[in-house]
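Scroll down for the structure; my scribbles are underneath it.
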Amino acid sequence: DAKTTQPTSMDCAEGRAANLPCNHSTISGNEYVYWYRQIHSQGPQYIIHGLKNNETNEMASLIITEDRKSSTLILPHATLRDTAVYYCIVRDGATNKLIFGTGTLLAVQP
Amino acid sequence: EPEVTQTPSHQVTQMGQEVILRCVPISNHLYFYWYRQILGQKVEFLVSFYNNEISEKSEIFDDQFSVERPDGSNFTLKIRSTKLEDSAMYFCASKQTGTPIGEQYFGPGTRLTVT
Chain A
288 DAKTTQPTSM
298 DCAEGRAANL
308 PCNHSTISGN
318 EYVYWYRQIH
328 SQGPQYIIHG
338 LKNNETNEMA
348 SLIITEDRKS
358 STLILPHATL
368 RDTAVYYCIV
378 RDGATNKLIF
388 GTGTLLAVQP
Chain B
163 EPEVTQTPSH
173 QVTQMGQEVI
183 LRCVPISNHL
193 YFYWYRQILG
203 QKVEFLVSFY
213 NNEISEKSEI
223 FDDQFSVERP
233 DGSNFTLKIR
243 STKLEDSAMY
253 FCASKQTGTP
263 IGEQYFGPGT
273 RLTVT
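Here the protein sequences come in this chain order: A and B. This note's numbering puts the first residue of the first sequence at 288, with every later residue one more than the last. This note's numbering puts the first residue of the second sequence at 163, with every later residue one more than the last.
This is the structure:
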């Protein structure tokens, strides 16, 4: 089972920041947090990952709390094309696999 | 930007037939994966492959499934005798050496329909 908890769905106005929360209270000290998204049955798309520090790339920012029990993915200026299911994933131990949960369906509204 | 490609985009087959799904991973990637997603359900891990052997497989990946890297560019998933419940989107993914396990790059998928 997935080690993360996310809201089922969220809305965001186009042009505004989208803040997607994720709880991962059982995360271990050496486990990364990964974010992916899936646009309408396309292949999942890697967005960003982090361990302890906040991270930013051309797609998004990742804010991880100091206790590492939760994180927030921020899309600074959401567009209609950002409408997708967003998955927060903590890899399970030494396994090679990604365990996808049900994610958050982000609907960006015009 | 390099990307994972998959062929065909849609495959229709009859129950009991063999199918081969093809993937071309990103050229300098050495870790390869197959996942599947039944319509309306979660993305599920099937198998990971590194150094010409399976490194991990799920319970779904039974004897009906096999993977192969027949040459330096292709990575294939074979289903020997398809069942109705094999109908799903199949995604190939690849990862570069030296990057975290979770930084995988997915292809667009092959929609398999078993009739």
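Virtual Cβ for every residue (Gly too), placed ideally from N, Cα, C.
Pairing residue 395 of chain A with residue 299 of chain A gives a Cβ-Cβ distance under 8 Å. In the three-state scheme derived from DSSP, where H, G and I count as helix and E and B as strand, residue 224 of chain B is classed as coil. Going by DSSP, residue 304 of chain A is part of no beta strand (DSSP E) at all; its letter is neither H nor E. For residue 166 of chain B, there is no enclosing beta strand (DSSP E), as DSSP gives it neither H nor E. Between residue 246 of chain B and residue 209 of chain B, the gap from beta carbon to beta carbon reaches 8 Å or more. Chain-order list of chain A residues neighbouring residue 210 of chain B: 382, 383, 384, by C-beta distance under 9 Å. Under DSSP, residue 257 of chain B takes part in a beta bridge, and its partners are B/193. Chain-order list of chain A residues neighbouring residue 217 of chain B: 383, by C-beta distance under 7 Å. Three or more beta-carbon pairs drawn from the stretch 192 to 212 of chain B and the stretch 243 to 258 of chain B are found closer than 8 Å, and the two stretches are therefore classed as touching.
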